[in-house]
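Okay, so here's the structure we're looking at.
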Amino acid sequence: MRTFKVLSALLSYPTEALIAASPEFVTVLDAEKLVPAASRGAVDLLIKEIGSGEVYDLQERYGLLFDRSKTLALHLFEHVHGESRDRGQAMVDLKAMYENAGLVIAASELPDYVPLFLEFLSTQPVAEARGLLGQTVHILAALAERLDRRGSSYKTIFDALVAIAAEVPRREIVEELLKAPDTDPMDLVVLDAAWEEEEVRFGPGTQGQGACGHEDLIAKLRHARRAVNPSSSPLQ
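Numbering-wise, the sequence shown is residues 3 to 238 according to this note's numbering.
Put into structure tokens, the structure is as follows:
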């Protein structure tokens with residue numbers, strides 16, 4: 003479904019090419035009707051915003067949102083595994099799932115990048131794509147809420163993805179994801195400290211053996227990061 007390609011493009015770093023292509027996005031969404039009517043108006047407004055925007059202003063806005071806050075990171079496993087070694091194996095498994103479906107990504111690309119994940123979904127049958135999207139639905143719902151707090155129109159993309167997904171987000175899991183504090187994108191000292199993490203290894207030997215099946219993806223995306231006191235966490 004090309005709808006996923008459109009949503010992927012809208013979440014990508016703004017360029018002149020993206021601005022030029024934006025009028026085609028509405029045509030695709032109209033033809034496929036995958037985005038529910040309740041979400042279409044807001045998605046169309048974002049498309050218009052991008053299509054009529056000045057590229058440097060759009061890039062600055064995008065960078066302040068997604069490049070300066072870990073809680074708005076466009077990497078799925080950042081919200082599940084943080085920088086633990088579990089994330090490395092999860093990356094290997096997700097990349098293998100892509101390759102098994104015929105999608106080969108560059109060595110420099112992280113497979114859990116949301117626009118790349120949506121690009122992969124665009125190659126799958128719609129029922130399968132909605133099922134896989136449902137496995138990320140709690141992360142997507144949490145991102146929508148964080149963007150709503152900042153008054154960002156990018157929220158509408160995540161609302162649309164949640165509406166398309168085959169699973170409804172459970173509130174307790176979303177709340178667990180929302181516990182991580184938001185950082186001020188203009189406070190460079192705090193940002194430097196937040197991004198100062200231990201090295202993460204992506205590749206064989208990180209932990210366990212990569213199974214790379216859909217059930218394995220479910221296990222990795224179903225739960226939020228555990229609370230500080232695991233015995234009190236509703237996500238055990």
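Think of the CB as a built atom: it goes at the ideal place given N, C-alpha and C, for glycine as much as any other residue. All values reported here derive from a predicted model rather than from experimental measurement.
With 16 other Cβ atoms within 10 Å as the buried cut-off, status of residue i
i: R116; result: In the sequence on display, residue 116 carries Val and not Arg. By the 10 Å Cβ count, V116 comes out buried.
i: K35; result: exposed
i: S110; result: exposed
i: G90; result: buried
i: G65; result: exposed
i: M17; result: Before going on, a small fix: residue 17 reads as Thr here, not Met. T17 comes out exposed.
i: V82; result: buried
i: G136; result: buried
i: V230; result: At V230, the pLDDT of 26 sits below 50, so the modelled position is not reliable; the number obtained from the coordinates is stated separately. Exposed: under 16 other Cβ atoms inside 10 Å.
i: A167; result: buried
i: G215; result: Bear in mind that the predicted position of G215 carries a pLDDT of just 41, short of 50, making it unreliable; the figure below should be weighed with that in mind. Its Cβ having fewer than 16 others within 10 Å, G215 is exposed.
i: E56; result: exposed
i: V37; result: buried
i: E178; result: buried
i: E80; result: buried
i: P206; result: Its pLDDT being 35, under 50, P206 is placed unreliably by the model, and nothing is read from it.
Residue i in three-state terms, based on DSSP
i: Y64; result: helix
i: Y100; result: helix
i: Y115; result: strand
Near the ligand MN: residue i beta-carbon under 7 Å from a heavy atom
i: L105; result: This structure simply doesn't include the ligand MN, nor any ligand for that matter.
Given residue i as reference, the closest of the options once Cα atoms are compared
i: A165; options: L142, L20, E174 and Y15; result: L142
i: L180; options: L31, A23 and T73; result: T73
i: L134; options: D150, G104, L112 and L96; result: L96
i: L145; options: Q126, G136 and L78; result: L78
i: V176; options: D184, P16 and V139; result: V139
i: D59; options: S10, R4, M3 and I21; result: I21
i: V8; options: T17, V128 and A23; result: A23
i: T1; options: L67, R42 and M99; result: No information on residue 1 is available, as it lies outside the stretch 3 to 238 that the chain covers here.
i: V128; options: S155, R152 and L163; result: L163
i: S54; options: P25, E80 and L105; result: P25
i: K157; options: L76, R172 and Q61; result: L76
i: E62; options: A98, Y15, A19 and R172; result: Y15
i: S10; options: F119, E130, R152 and E169; result: F119
i: R152; options: I49, E101, S71 and E169; result: S71
Nearest-angstrom Cβ-Cβ length linking residue i and residue j, presumed shorter than 8 Å
i: M93; j: D69; result: Contact doesn't hold; Cβ gap of about 20 Å is too wide.
i: A108; j: F122; result: Rounded, the Cβ-Cβ distance is 14 Å, inconsistent with contact.
i: L31; j: T5; result: 6 Å
i: R148; j: D184; result: 7 Å
i: A39; j: D161; result: Not quite, the Cβ-Cβ distance comes to about 13 Å (not below 8 Å), so this is no contact.
i: L13; j: I159; result: 6 Å
i: T125; j: L105; result: 6 Å
i: G51; j: S155; result: It is Glu, not Gly, that sits at residue 51 in the sequence shown. Between S155 and E51 the Cβ distance is about 6 Å, and since that is below 8 Å, they are a contact.
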